[in-house]
Structures are given as structure tokens and as C-alpha cells.
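Colleague: Numbering (our numbering), first residue to last: 11 to 120.
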């Protein structure tokens, strides 16, 4: 089990029951325009790895997957969280934890 962070976008941020509304098409369009991301072969549509990850990849390359209107990753370190924030900003979205609470970027001094 690990920590999961999600990129979420809603029309009404105060409506906790509203699902995220990022489309697969706009995620793919963003991911294809980001030169650091690469489509993960033999995986579902919307799965990308962060090829531009600046740290040691001997334990694997960070990844971002699409599911039902949101983008997620597990066990992110500070660099991956920063990338999540960059992606979320580009998609007019926010980063949330697995409990549905917004992630506060000031926690990282951002």
C-alpha cells in the first residue's frame, strides 16, 4: 500500500460529490506536448512515464495514469509532486490526496 496523489478538476470545488472532469483526450494532448513524458508501451491509453525525471531511475521511472476523469500516481517524492503541480496547473486542476483532500503546495515551500 502506498500514498496516491491525484490531479482533479471540477466545475464546483465545493461540491465533494462532483467527479473530476479531465477528459482522456485532453490528458493525452497535454502528455504528448510535454517532452519529458513518454507513452508507456503495452499499457492502457493514458499511461505515461516521466522519462525526464532528473534523479536515479534504478528503482523505476515515475508514472502518471489516467482513470475516470483524473490522473494519478503512487508514492511520489518531492520532485514527482512538483511535476504533478505543473501538470495540474496546465490542466486548470488541483492535486488531491487519496482521501479527497486538496494537497497544499506550501507544504513544499512552493
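For each residue, glycine too, the CB sits at the ideal point set by N, CA and C. All of these numbers come straight from a predicted model, not from anything done at the bench.
#1: In or out: residue 29 buried (at least 16 other Cβ within 10 Å) or exposed?
#2: Check the C-beta distance from residue 103 over to residue 32 and give it rounded, since I have them as a contact under 8 angstroms.
#3: Smallest Cα separation from residue 14: which of 106, 116, 115 and 114?
#4: Restricting to Cα atoms, I'd like to know which of 69, 56, 61 and 90 is closest to residue 76.
#5: What does the alpha-carbon distance come out to for the pair residue 90 and residue 22?
#6: Grab me the residues of residue 47's own chain with a C-beta within less than 8 angstroms of its C-beta, minus the 5 sequence neighbours each way, in chain order.
#7: Leaving aside the five residues before and after residue 84 along the sequence, list all residues of the same chain whose C-beta is less than 7 angstroms from its C-beta, in chain order.
#8: Please report the straight-line C-alpha distance between residue 36 and residue 27, rounded to a whole angstrom.
#9: Verify whether the separation of the beta carbon atoms of residue 16 and residue 80 is less than 8 angstroms.
#10: Measure the C-alpha to C-alpha separation of residue 64 and residue 38 and round it to an integer number of angstroms.
#11: Buried or exposed: which applies to residue 97, given that a residue is buried once 16 or more other Cβ atoms fall within 10 Å of its Cβ?
Modeller: The relevant details are as follows:
#1: Along the chain shown, read from residue 1 onward, the residue named residue 29 stands at position 19. When all chains shown are included, residue 29 counts as exposed.
#2: As a working note, residue 103 is residue 93 in the chain shown. As a working note, residue 32 is residue 22 in the chain shown. About 6 angstroms; that satisfies the 8 angstroms criterion.
#3: If you number the chain shown from 1, residue 14 lands on position 4. Considering only alpha carbons, the answer is 106.
#4: What you label residue 76 is simply residue 66 of the chain shown in a count that begins at 1. When each option's Cα is compared against that of residue 76, the closest is 56.
#5: Looking up residue 90 in the chain shown gives position 80. Looking up residue 22 in the chain shown gives position 12. Approximately 26 angstroms between the Cα atoms of the pair.
#6: Taking the chain shown and counting its residues from 1, one reaches residue 47 at position 37. Excluding sequence neighbours, residue 47 sits near 41, 58, 59, 60, 61, 62 and 74.
#7: For the purposes of this step, residue 84 is identified with residue 74 of the chain shown, where counting begins at 1. Closer than 7 angstroms at the Cβ level, and outside the excluded window around residue 84, lie 12, 13 and 14.
#8: On the chain shown, residue 36 is found 26 positions in, with the first residue counted as 1. On the chain shown, residue 27 is found 17 positions in, with the first residue counted as 1. For residue 36 and residue 27, the distance between alpha carbons rounds to 22 angstroms.
#9: Here residue 16 refers to the residue found at position 6 when the chain shown is read from its first residue. Here residue 80 refers to the residue found at position 70 when the chain shown is read from its first residue. A contact, by the Cβ cut-off of 8 angstroms.
#10: Along the chain shown, read from residue 1 onward, the residue named residue 64 stands at position 54. Along the chain shown, read from residue 1 onward, the residue named residue 38 stands at position 28. Each residue's alpha carbon lies about 22 angstroms from the other.
#11: The count along the chain shown starts at 1 and reaches residue 97 at position 87. By the neighbour-count rule (16 or more Cβ atoms within 10 Å), residue 97 is buried.
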